[in-house]
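Numbering (the working numbering), first residue to last: 604 to 1070. A virtual CB, placed ideally from N, CA and C, is assigned to each residue, including glycine.
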RNA sequence: GCUCCGAUAGUGUAGUCCGGCCAAUCAUAUUGCCCUCUCGAGGCAAUGACCGGGGUUCAAAUCCCCGUCGGAGCACCA
């Protein structure tokens, strides 16, 4: 099987579907798969040189290693040779008709006047195209199909055209005569021994077009299935490479890995494992209708992968300060992970005031349980310590909340898919290394990204993954 | 206008080819309960779907026709 991307930018989440599915099928059925960059348009779909590697990194992130990597722009001579052969078989002709004129004839079911040129003339003119003797628009090579085919999309389609803009890859910069996708991809699929093709519904007619070429050569067409488009819920930003690129260039996004961007780089930075994305994509199946991918599906898979390994910490977002009274312990020691006592406990100094999230503030004369510390009664504007008998929680009516010391806590900027949230975390968070994935209790999973300088010192930057 | 494809719960999916065991599977989501010092994990339960209309048949989610809705192609884009 093959994954044949156009390297016009880093991948968004939707792109993950192809490698996820064919990579999984490869593993399941002991198959073979390659990545083949179909980069045969240096002009309107101009390849982005950085995208080649970015895409291969994306495949790796999703958990797969391609068995081979090809670039169509390395293979022009192969396509030329097959074009010559096709011409000799009488399956193609050079045509100098402008696009609109041919289109009008085609829609009327009438052939181009060039259709019956003898192969010698066609071959000579094609060599002229390869040699750059024509200007763009002056000459194309068409595949001779069926000019009266009931589907106008299949009638005598273009196989090669001329493009003056040099290809961005130095290896291919000298070529001017470029094949179109249906020719290039059709030839390559056979030559590379592809047995199964998966592609989008936008290419529904490709197999039918390419079948004409396969018939001329006596080749057998691979099995092919088409699937619909994937929409993501939960994102404000459209899942489109060009839209994301525009937002980045306009400064509205920080880059391809901005947490608000629906890109693979963004999910990776948020601490979401590629396997979780792969699993969610495989669950979508290969139906031909458009599908909506619920991000919660990716999150559910990721939670299963990371929950056990993620240590717990407290983070209070936009905290409200409450003084403590009644001589609580000087230090709280909640477990590092509630399901793994052997990992030990954390140490959080208690001080004389704590921060709570606004939604957790107790009402007057209400009791509240600070996790890992004990129970308090909110009375006369202070939290009065009333002991550490957990029974009060079991009996009900006492909320269990997370908290941090008012002054000993460390500032945190938590970047989410919607906005950046400021908060303060328990002191131990200052010692976490970048790339560590933790769970802020009652907030959600987050990946420690690094530190940044602010006016009065340093701040931890974390990327929010999901609840 | 011409051509092609699709339609099962909020979302995805199984079942459709070879009609009955489908008052419809599983996952996710939401809600409630149990457990737990988390709104995480674990356990239990509830919610919720065959696009509409005809036809064939003893029997239709499944086969046929019509309609509706949605998607795609008709490029010197991929």
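The stretch 632-640 makes no contact with the stretch 818-826: fewer than 3 CB pairs, one atom from each, lie closer than 8 Å. Segment contact: the stretch 885-904 against the stretch 968-984, fewer than three CB-CB distances shorter than 8 Å; contact not assigned. Only exposed fits residue 751, as fewer than 16 other CB atoms lie within 10 angstroms of its CB.
Around the beta-carbon of residue 608, 16 or more other beta-carbon atoms lie within 10 Å, marking it buried. By the criterion of a C-beta distance shorter than 7 Å, residue 633 is surrounded by no residue of its chain, once the five residues flanking it on both sides are discounted. With contacts defined by Cβ atoms closer than 7 Å, residue 881 and residue 666 form a contacting pair. Assignment of residue 750 by DSSP, reduced to helix, strand and coil, places it in the coil class. Contact between residue 959 and residue 1024 is absent: CB atoms are separated by about 15 Å, not below the 8 Å threshold. Beta bridge pairing from DSSP links residue 803 with 830. With respect to the C-alpha of residue 909, the residue from 733, 731 and 1070 having the closest C-alpha is 1070. Contact annotation, residue 889 with residue 662: C-beta distance approximately 19 Å; criterion of less than 8 Å not satisfied.
Taking a 10 Å sphere around the C-beta of residue 709, we find 16 or more other C-beta atoms and assign the residue as buried. In this structure, the CA atom of residue 944 is about 47 Å from the CA atom of residue 830.
The DSSP assignment places complete alpha helix (DSSP H) segments of no fewer than 4 residues inside the stretch 693-775 at 702-710 and 722-734, in order along the chain. The C-alpha of residue 843 lies about 28 Å from the C-alpha of residue 760. Taken atom to atom, the span from the alpha-carbon of residue 723 to that of residue 611 is near 38 Å. Closest option to residue 747, judged by alpha-carbon separation, among 686, 860 and 946: 686.
With contact defined as three or more Cβ pairs closer than 8 Å, the stretch 730-737 and the stretch 795-813 are not in contact. Here DSSP, grouped into helix, strand and coil, assigns residue 685 to helix. With respect to the 7 Å criterion, residue 922 and residue 1045 are not classified as neighbours on the basis of their beta carbons.
When the beta-carbon positions are compared, residue 615 and residue 862 stay at least 7 Å from each other. For the 7 Å CB-CB criterion, residue 775 and residue 676 form a contact. The continuous beta strand (DSSP E) containing residue 1054 extends over residues 1047-1057. At a Cβ-Cβ threshold of 7 Å, residue 924 and residue 883 do not count as neighbours.
Within the same chain, 980, 981 and 982 come within 8 Å of residue 968 by CB-CB distance, once the 5 residues on both sides are set aside. Residue 1022 is not a Cβ neighbour of residue 917, given a cutoff of 7 Å.
Distance from the CA of residue 1016 to the CA of residue 660, rounded to the nearest whole angstrom, comes to 28 Å. The C-beta separation of residue 783 from residue 643 comes to about 7 Å, placing the pair in contact by the 8 Å criterion. Residue 631 sits exposed, since fewer than 16 C-beta atoms from the chains shown fall within 10 Å of its C-beta. The alpha-carbon of residue 974 is positioned some 9 Å away from that of residue 935. Per DSSP, the beta bridge partners of residue 1069 are 1048. Nearest in C-alpha terms to residue 646, of all of 745, 1060 and 765, is 765. Using a Cβ distance threshold of 7 Å, residue 1001 and residue 995 count as a contacting pair. Exposed is the label assigned to residue 1057, since fewer than 16 other Cβ atoms lie within 10 Å of its Cβ.
Between the alpha carbons of residue 716 and residue 672 lies a gap of roughly 41 Å. Taking the CA atoms as reference points, residue 1013 sits about 13 Å from residue 1051.
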